[in-house]
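Undergrad:
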Amino acid sequence: MINSIQYIHVLLRITIIALAVVGMATTTKAEDEREVTDVDCRSIHEVLIDVGAEEFSVLLKDKKFNFKYGEFTIFAPTDRTVKFGSNSLTNDGYNQTIIDDVLFFHIAANTIEDDIRDPSNCGKSLIMLNEDSFDQESSTTECKKYGVLQVGPGNTAKGRGFVPKIVGNATQACNGVVYTIEDALILPTLPKFSGAPSSKPASVPTMSPVPVPAPAPSTDSGGSCLLCLNQSLLVIAVSAFFLLSFF
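As numbered in mature numbering (1 follows the signal peptide of the UniProt record, and there is no 0), residues -30 to -1, 1 to 217 make up the sequence shown, in order.
#1: Could you pull out every residue in the same chain whose Cβ sits closer than 8 Å to the Cβ of ASP70, ignoring the five residues on either side in sequence?
#2: Write down every uninterrupted run of the beta strand (DSSP E) in the stretch 120 to 150 whose length is 3 residues or greater and which is fully enclosed by it, in chain order.
#3: Suppose you measure from the CA of VAL52 to the CA of ARG130; what does that come to, to the nearest Å?
#4: With 16 as the cutoff for other CB atoms within 10 Å, does GLY146 come out buried or exposed?
#5: Does DSSP put LEU96 in a helix, in a strand, or in coil?
#6: If you follow the beta strand (DSSP E) that GLU112 is in, where does it begin and where does it stop?
#7: Do you know offhand how far LEU157's Cα is from HIS76's?
#8: Please report the straight-line C-alpha distance between PRO134 and SER90, rounded to a whole angstrom.
#9: Inspect the CB distances between the stretch 117 to 125 and the stretch 14 to 22 and report whether three or more fall short of 8 Å.
#10: Based on Cα-Cα distance, which residue from GLY22, THR43, GLU25 lies nearest to MET98?
#11: In whole angstroms, give me the CA-to-CA distance for GLY93 and PRO161.
#12: Among the residues of its own chain, which have a CB less than 8 Å from the CB of GLU24, if the five just before and after it don't count?
#13: Leaving out the 5 sequence neighbours to the left and right, which residues in its chain are closer than 6 Å to ASN125 when beta-carbon positions are compared?
#14: Does SER95 pass the burial test, meaning 16 or more other C-beta atoms within 10 Å, or should it be called exposed?
#15: Here's the rule: buried if 16 or more other CB atoms are within 10 angstroms of the residue's CB, otherwise exposed. What is THR(-3)?
#16: Identify the residues that DSSP records as bridge partners of PRO47: which are they?
#17: Just to confirm the assignment, what range does the alpha helix (DSSP H) spanning LYS34 have?
#18: Is PHE42 helix, strand or coil by DSSP?
#19: When DSSP builds the beta bridges, which residues end up paired with VAL17?
#20: On the DSSP letters alone, give me the boundaries of the alpha helix (DSSP H) that THR159 sits inside.
#21: Would you kindly report the start and end of the unbroken alpha helix (DSSP H) that includes PHE74?
#22: For LEU59, I'd like the list of residues in its chain whose CB is within less than 6 Å of its CB, leaving aside the five on either flank, ordered along the chain.
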């Protein structure tokens, strides 16, 4: 009798343990499903369109830049900022290759902890992308009373005026974070260019008139021509006289 009771107790314990294991497995599966749902994020290009930087997204796609590998921090210029900044660079004489390089300079191939507008990030720099992987430069987060700026070395050049200002909140993407900027593009060090268009029309060289040589004076005078005529008439008269003498 005792053995039977002990046997039943053992079975009950095994059953309880089995139920506990099944319960733990079910809980783990539910947690995993929640994690998968959390990972259902948006691509960086989708975020760029949502924050009003569709033109920036289109230009990057044209360059086959799809953010496939790595983690990124993107400072996305609004459509208005792209148009204003591109026109400004074009008016200064820079070609499309340089403008494309400027657009890449709005992407950092790493991420930062917390929000970039946090005071702990003031004065910190991020290495930005450009087409020359051997000559990469940084942009710096500057905190002012009127807002947080993301400044490149080209923004401090004389005559540049506006600087890029971070606006709105950070937007998380699958493999990066997007900040929206306004007022100006983030500029790397721009090459010196002396061929900017000038409002003053270029002077057109004029050709000097080519001297036309005067016709050479004739070597025969009027008297010489008259003498030739008289001699011809004399020959004709003599010939006629000889012909008449035969009749």
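Glycine included, each C-beta is placed from N, C-alpha and C at the ideal position.
TA: The structure says:
#1: The beta carbon of ASP70 sits closer than 8 Å to the beta carbons of LEU29, LYS33, GLU101 from its chain, once the five residues preceding and following it are set aside; these are given in chain order.
#2: Counting only runs of 3 or more residues that sit fully inside the stretch 120 to 150, the beta strand (DSSP E) segments are 135 to 143, in chain order.
#3: A direct Cα-to-Cα measurement between VAL52 and ARG130 gives close to 15 Å.
#4: Burial is judged here by how many other beta carbons sit within 10 angstroms of a residue's own beta carbon; GLY146 has at least 16 and is buried.
#5: Looking at LEU96 - three-state DSSP - the assignment turns out to be strand.
#6: GLU112 -> beta strand (DSSP E) spans 108 to 114.
#7: Each residue's Cα considered, the two are about 8 Å apart.
#8: In this structure, the alpha-carbon of PRO134 lies about 19 Å from that of SER90.
#9: When C-beta atoms of the stretch 117 to 125 are compared with those of the stretch 14 to 22, fewer than three pairs fall below 8 Å, so the two segments do not count as touching.
#10: Comparing C-alpha distances from MET98 to each of GLY22, THR43, GLU25 shows the shortest one belongs to THR43.
#11: The straight-line gap from Cα to Cα measures roughly 25 Å.
#12: Around GLU24, the same chain offers LEU18, ASP49 as residues with beta carbons nearer than 8 Å, after the five sequence neighbours per side are excluded.
#13: Excluding sequence positions up to five before and after ASN125, its CB lies within less than 6 Å of the CB of VAL133, LEU157, all in the same chain and listed in chain order.
#14: In this structure SER95 is exposed. Its beta-carbon is surrounded by fewer than 16 other beta-carbon atoms within 10 angstroms.
#15: Low per-residue confidence applies at THR(-3): pLDDT is 47, beneath 50, and the placement is therefore not dependable enough to give any value.
#16: Listed as beta-bridge partners of PRO47 by DSSP are ILE151.
#17: It is not in any alpha helix (DSSP H) - LYS34 carries neither H nor E in the DSSP assignment.
#18: Of the three classes helix, strand and coil, the one that applies to PHE42 here is strand, per DSSP.
#19: Partner(s): none; VAL17 has no beta bridge.
#20: Careful: THR159 lies outside any alpha helix (DSSP H) and carries neither H nor E.
#21: Counting along the chain, the alpha helix (DSSP H) containing PHE74 begins and ends at 66 to 74.
#22: Taken in chain order, the residues that qualify are ILE69.
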